[in-house]
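Numbering (my numbering), first residue to last: 5 to 202.
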Ligand code: TYD
């Protein structure tokens with residue numbers, strides 16, 4: 005059985021962490037071993053906490069990529085002794101969050117994307133499956149306001165811009181899931197995809 009590396013993407017408030025938790029439980033019930041991880045990692049959160057508000061989008065992109073460069077090794081290690089590794093966010097998060105604020109530096113979003121793709125060539129571990137939790141920004145904002153306290157990075161985010169940028173990144177290989185459905189139902193779809201891939 006080949007292990008599966010699955011990634012969840014989506015804007016803040018799309019419900020990724022809830023779905024990831026349920027998918028983990030479901031996989032474990034079928035006897036699979038699962039390692040769940042997330043970006044930013046604890047290492048990156050510390051960098052951001054130590055210097056809040058002091059990074060422009062290009063610097064942030066490089067920092068997130070540095071974080072991922074190390075994270076991919078941890079993921080590869082864990083794929084050796086787990087059936088499934090799930091990451092809450094990966095490369096597309098940097099494209100969507102930082103890329104959506106970079107056109108000033110690069111002249112256009114397509115040039116920004118070209119640069120980000122080039123820099124991201126140091127990330128060689130690619131997901132086997134990517135799920136995008138799709139939700140409108142007004143619903144996401146409402147969820148954030150109702151259910152949790154957001155951190156400083158989230159507060160600075162223009163969700164409409166990020167959401168629009170994500171839409172330009174979606175390809176056939178990325179499975180778009182309706183994030184307004186019950187998390188249980190979304191998790192069931194994801195479970196089937198992962199089990200089919202194993
Ligand atoms: P998030 O997944 O929302 O973590 P949590 O809800 O547990 O705090 O991630 C925190 C923020 O980091 C989120 O606003 C998206 C942002 N982010 C980027 O801007 N670029 C990136 O490359 C990544 C991985 C995250």
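The beta carbon of each residue, even a glycine, is placed where N, CA and C say it ideally should be.
Keep in mind that this is a model prediction, so the values were computed, not measured.
| Query | Result |
| --- | --- |
| Which same chain residues, not among the five before or five after residue 187, have their C-beta less than 8 Å away from its C-beta? | 19, 22, 23 and 26 |
| Tell me which same chain residues have a C-beta within less than 8 Å of the C-beta of residue 113, skipping the five on either side of it? | 103, 104, 106, 107, 169 and 172 |
| Is any heavy atom in the ligand TYD found nearer than 7 Å to the beta carbon of residue 43? | yes |
| At what residues does the alpha helix (DSSP H) containing residue 139 begin and finish? | Premise fails: residue 139 is in no alpha helix (DSSP H) and is neither H nor E. |
| With a cut-off of 8 Å, does the C-beta of residue 149 fall near any C-beta of chain C? | As a matter of chain content, chain C is missing from the structure shown, which is built from one protein chain. |
| Examine the ligand TYD and report whether any of its heavy atoms sits within less than 7 Å of the Cβ of residue 122. | no |
| Going by C-alpha to C-alpha distance, which of 96, 48, 174 and 138 sits closest to residue 190? | 138 |
| Whole angstroms are fine: how far does the CA of residue 58 sit from the CA of residue 2? | Nothing about residue 2 can be read from this structure; the chain reaches only from 5 to 202. |
| How is the beta strand (DSSP E) around residue 179 delimited, first residue to last? | 178-182 |
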